[in-house]
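Worksheet: one structure, shown below.
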Amino acid sequence: MAFRIALQLYTIRGETGKDFFGACKQVRDIGYEYVEAAGFGGHSPTAVKREFDNIGLKLIGSHVSIESVLQTPEIVIEHHREMECDIVTIPGVPESMRKTYDDWIRTANEIEKSAQIFADAGLQLAYHNHDVEFRNFDGKTLWEILFAHAPKLAAQIDVFWVHKANYDSVELIQKMKGKVHQIHAKDLAQDGSDTEIGTGTLPWNKILRACKVAGTKDLIVEMDFPKLAPFVSAKLSLENLKKFIAEI
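Counting with numbering that gives the first Met the number 0, you get residues 0 to 247 for the letters of the sequence shown.
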């Protein structure tokens, strides 16, 4: 199975903030065919679909706030159907929804209800981790608790944040075989910051082999704080990720 490599547009948020579609065209020009969004610069779903078709980009995922997912799932579903995007990902939750064990159980149960609504509509709801999801409540991580109570939810594993939390992303991907349709790919620098793929310490060959076995389809390049100029950063990560894929 061939991986699809996408760019999370948050990586170039300074550029999309100035000219959303112009920045997206540059993403295509540096070699990406796929993107994941974190907002659409105020543009309508119709405009996004039209302009992405013109540019030659495919929207393979979208980060949407938990408030929108829980409170207005029908609107989120309608918009993403229009854009022909079938994976919607929750990028995290506020502390108030995970402060205590009981808070987190309630949140997980609510997320599962939305995951069922999305599934009934033919879309997949996923959850993206940071390091906080690997806090422990009575010997279990928030991550483990979430997926125990939300079995219809998919996992979008951010390998950088897993390692930042002192866990092994290879083991986590293997453990969640069949549920990890997408990963977020950025590297871990010696100083603990995120860095471009291939310039840090993560074991990419092992990560990609685990993804292949787990059925992961999409590798989504994302940088919170690029070390290089945004498009230079995105291009370097794309090139190095392709090299690692060729080696497995």
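Here a beta-carbon is modelled for each residue, glycine too, at the ideal position from N, C-alpha and C.
As the structure is a prediction and not an experimental result, all values here were calculated from the model.
DSSP places D102 in the helix class (H, G or I) of the three-state scheme. As computed with DSSP, R3 is found in a beta bridge with D217.
Non-local C-beta neighbours of G199 in its own chain, meaning closer than 7 Å and more than five positions away in sequence, comprise D186, L187, A188, ordered along the chain.
Taken in chain order, the unbroken stretches of alpha helix (DSSP H) that lie wholly in the region 37-84 and span 4 residues or more are 44-54, 65-70, 72-81. DSSP lists S61, L124 as the bridge partner or partners of V87.
In the structure shown, A184 falls within a strand segment according to DSSP collapsed to helix, strand and coil.
Residue environment for Y31: buried (at least 16 other C-beta atoms within 10 angstroms of its C-beta). Straight across, the Cα-Cα distance linking G38 with V47 is about 11 Å. Using a Cβ distance threshold of 8 Å, V68 and I89 count as a contacting pair. Here R97 is near L141, since their CB atoms are less than 8 Å apart. Under the DSSP definition of a beta bridge, F117 lacks any partner. Classified as exposed, N135 has fewer than 16 neighbouring CB atoms from the shown chains inside 10 Å of its CB. As the crow flies, the alpha-carbon of G177 is around 9 Å from that of A154.
Uninterrupted alpha helix (DSSP H) stretches at least 4 residues long and entirely within the region 220-247 occur at 229-246, given in chain order. The DSSP-derived three-state label of T198 is coil. Cβ atoms of R3 and I59 come within 8 Å of each other, at about 6 Å. Here the alpha carbons of E238 and I247 stand approximately 15 Å from one another. Contact between S232 and K241 does not hold, since their C-beta atoms are separated by about 15 Å, which reaches or exceeds 8 Å.
Check the Cα spacing between K174 and each of E143, K163, G197, L201: the tightest is with E143.
By the criterion of a C-beta distance shorter than 6 Å, G197 is surrounded in its chain by N239, once the five residues flanking it on both sides are discounted. Between the C-alpha atoms of F117 and S192 there is a straight-line separation of about 34 Å. Take V179, set aside five residues on each side of it, and the residues of its chain with a beta-carbon closer than 8 Å to its own are A153, A154, Q155, I156, I172, C210, A213, G214, T215, in chain order. A direct Cα-Cα distance of roughly 31 Å separates A147 from Y33.
Ranked by how close their Cα comes to the Cα of L207, the residues Y166, S95, K139, F243 have F243 in first place. For Q155, the enclosing beta strand (DSSP E) starts and ends at 153-157.
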